[in-house]
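Novice:
Residue numbers (the numbering used here), protein chains in the order written: chain W, 76 to 337; chain G, 85 to 374.
1) Measure the C-alpha to C-alpha separation of residue 368 of chain W and residue 276 of chain W and round it to an integer number of angstroms.
2) Any beta carbon from chain W within less than 9 Å of residue 273 of chain G's own beta carbon?
3) Rounded to whole angstroms, how far is the Cβ of residue 224 of chain G from the Cβ of residue 260 of chain G, which I believe are closer than 8 Å?
4) Give the DSSP-derived three-state secondary structure of residue 315 of chain W in the structure shown.
5) For residue 250 of chain W, does the three-state DSSP call read helix, strand or coil?
6) According to DSSP, is residue 248 of chain G part of a helix, a strand, or is it coil?
7) Quick one: what does DSSP say residue 237 of chain G is sitting in, helix, strand or coil?
8) By a C-beta neighbour count over all protein chains shown, 10 Å radius and 16 as the cutoff for buried, is residue 132 of chain G buried or exposed?
9) Is any beta-carbon of chain G found at less than 9 Å from that of residue 165 of chain W?
10) Got a sec, what are the start and stop residues for the alpha helix (DSSP H) residue 212 of chain W sits in?
11) Does the segment 104-119 of chain G touch the segment 138-145 of chain G, meaning 3 or more C-beta pairs lie closer than 8 Å?
12) Inspect the beta-carbon positions of residue 262 of chain G and residue 184 of chain G and report whether they are closer than 9 Å.
13) Suppose the cutoff is 7 Å on Cβ atoms and the five residues either side in sequence are ignored; what does the same chain contact list for residue 304 of chain G look like?
14) Determine the burial state of residue 141 of chain W: buried for a count of at least 16 other Cβ atoms within 10 Å of its Cβ, exposed for fewer.
15) If distances are taken between C-alpha atoms only, which option among G:171, G:351, G:108 comes closest to residue 264 of chain G?
16) Contact criterion: CB-CB distance below 9 Å. Does residue 358 of chain G meet it with respect to chain C?
17) Using the C-alpha atoms, what's the distance from residue 298 of chain W back to residue 93 of chain W?
18) How big is the Cα-Cα spacing for residue 178 of chain G and residue 224 of chain W?
19) Within a Cβ cutoff of 7 Å, which residues of the same chain sit near residue 181 of chain W, ignoring the five residues on either side of it in sequence?
20) Taking the beta strand (DSSP E) that residue 298 of chain W falls in, what are its first and last residues?
21) Is the CB-CB distance between residue 214 of chain G and residue 347 of chain G below 9 Å?
22) Can you give me the C-alpha to C-alpha distance between residue 154 of chain W and residue 291 of chain G, rounded to a whole angstrom?
23) Pull up the distance between the alpha-carbon of residue 320 of chain W and that of residue 309 of chain W, whole angstroms please.
24) Between which two residues does the beta strand (DSSP E) containing residue 104 of chain W stretch?
25) For residue 262 of chain G, which of helix, strand or coil comes out of DSSP?
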C-alpha cells in the first residue's frame, strides 16, 4: 500500500471542481457564475429551495447537459472534454426513481454494471455484497415494483456504488420518504464517507439534513450564496444555526423535514 | 478516511489505463441487448399486438383485395403471385416500422421516467450507447418478423427456404433505418403525449405511400404525384430490399438508399443526443427538473 503524504494530497485535484458555470434555458438564466470545489473524502451539501438550479447543476456535472459556460472537473477530468474518464469516477442517484420496475433488482443492477463494462461474475459478486450492506440481500430476485420508496432508494444507492466511484452525487434522495427511511439513508451515506473515504455531494432543500462539520454550498436563484464549512458559514452570518443563516443570505426561510418553512 | 482509500476507488487506479477495453464494450453491448430482450419478454401484450397487426392485414385485408388487385409479373417474382405473397415483404416492413417507432416511444418513456439518464451517464461514448440501444431494438424487431413469417407459412406464403436466411441482412439494414428514424424523432419529442400525433404523421404516410401494399406501376397509373411521393419515401426502398432478398436477389438501388438514409438518420440521432450539439440541454427534457 502506498501512503500519500499530506502535501501530496493537497496537490491532488479536488473530487469536484466547478468553475464559473452558467446555464440558461432559452432566455431563462438558471445558473449564474457558479464556482466551488469539493475536497476528497468530504460530505458536501448543496442546499437550495426548489427551483434554485440544483438539478440543472447535477445534469451539467453528469454531462446530461453540455457545460457551455465554465468548466466542471471530476478528479481533474474535464466533464466536457473527457466525459468517459469523468463519468467512470461518478456514481449518481437521481431525484426521480430510475429503476426499471418490471425487472428484478439483480437485473437492474446487472444492467448498470454492464454500462460500466463490469463482467457478469464480478457484477454478481458486487451486487450481492452491496445489497447485503443495504439490508436488501434477500430481495435479489424481487421485482423493483414490489419495493417501498425507501427500499428503492437504497437499491439506487447500491447501484450508484456498483462501479466503485470515488464521488457520489445524490439529488434530493430523501424526497417522498418517511422520517425513518430518510434517517437511514442519510446515516448510510455518512458512514460511507467515514469508512471508505468516498466524496459525497448531497443536494437537498431540507436544513435538518445538514450537520455542522459538512461542507455547505448554498444555492439560491442559480447563485452561490455561501461556500464553506457549515459552522463557519453560521458564524460569519452572526447567527446561531444554519436555518437562520440561509434565511439571512437568501431572504427566504428554508424548509424543515416536515415540509414547513421555518 | 485516507487519501489512499479514495484513490483506490478510482477505476484502474490513479495512474491506470484510460478508456475501456474491447471486452468491456462487448459487456456493455450485451447488457443493453439483454435488457431490451427482458423488457420485451415482460411485455407480452407488445409481442402479441406486433403479431396480430400484420396477420390481420394478411388474413383479412389481403383476402378481400385479392380479387380486386391483380399483380402482374414483376421482379423479383418469376410468375403471377397471390396478393398475400406480394404484401408479405410489406408486412415485414410494417413490423419493422411499428417496432422501430415503438422502440423510440420507449425512449421517450424512459426519458420521462428517468431510465434514459442511467444509460446516458454511462462512461462509454454516447454514439456507442445509442447504437447499442438501436441494435437491441432492431434485434427484437427481427425476431417479430420471423415469428410473423412462421405463421404466414401456414397461410400459403412459402418463399424459398434460403430466402429466410438471405433476407436477414435486409431486415437488419431496414430495421436500423427505421429505428434510427424513431430515435431521431424521440430526441425532438418533448412529452409522451406528443408522440401519438407524430406517429400518425409518420407511420401511416410512410406505410401507405410506399410499395408495401401495391406495386409502384399501379400507383403510377392512378396518380403520378403519389408515385413520386412513393419514390421519395425511404420505406419503399426498405420494402423492396426485403422483397428481393426474400427471393435471393439484391436490389442495389434500394440497398444504397437504405444505407444512405440509415447513416443520415443515425447521425442525426447521435447529434441530437450529444449534450454539446443536441437539443436536450436547451429543452430540459431528460426527465430532469430545473
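For each residue, glycine too, the CB sits at the ideal point set by N, CA and C.
Given the structure is predicted, the values throughout are model-derived calculations rather than measurements.
Specialist: Quick answer:
1) Because chain W in this structure spans residues 76 to 337, residue 368 of chain W falls outside the shown range and cannot be described.
2) Using a Cβ-Cβ cut-off of 9 Å, residue 273 of chain G does not count as an interface residue toward chain W, since no Cβ of chain W sits closer than that to its own.
3) The pair is not a contact, with the Cβ atoms about 13 Å apart (cut-off 8 Å).
4) DSSP places residue 315 of chain W in the coil class of the three-state scheme, outside both helix and strand.
5) Reduced to three states, the DSSP call for residue 250 of chain W is coil.
6) In the structure shown, residue 248 of chain G sits in a helix (DSSP, three-state: H, G or I).
7) Residue 237 of chain G carries a helical assignment under DSSP once its states are collapsed to helix, strand and coil.
8) Exposed is the call here.
9) Residue 165 of chain W belongs to the set of residues whose beta carbon lies under 9 Å from a beta carbon in chain G.
10) Run containing residue 212 of chain W: none; DSSP gives neither H nor E here.
11) Between the segment 138-145 of chain G and the segment 104-119 of chain G, the count of C-beta pairs closer than 8 Å stays below three; the two stretches do not touch.
12) With a cutoff of 9 Å on beta-carbon distance, residue 262 of chain G and residue 184 of chain G are scored as near each other.
13) 311.
14) With 16 or more other CB atoms across the displayed protein chains lying within 10 angstroms of its CB, residue 141 of chain W is buried.
15) With distances taken between Cα atoms, residue 264 of chain G lies closest to G:351.
16) The displayed structure is made up of protein chains W and G, and chain C is not among them.
17) Distance between the alpha carbons of residue 93 of chain W and residue 298 of chain W is about 13 Å.
18) Distance between the alpha carbons of residue 178 of chain G and residue 224 of chain W is about 40 Å.
19) Closer than 7 Å at Cβ, skipping near neighbours: 202, 215, 216.
20) Element bounds for residue 298 of chain W: 298-304.
21) No.
22) Near 43 Å, if we compare the C-alpha coordinates of residue 291 of chain G and residue 154 of chain W.
23) Using only the alpha carbons, I get a separation of about 6 Å.
24) Here the beta strand (DSSP E) through residue 104 of chain W covers 103-113.
25) When DSSP states are grouped into helix, strand and coil, residue 262 of chain G belongs to the helix group.
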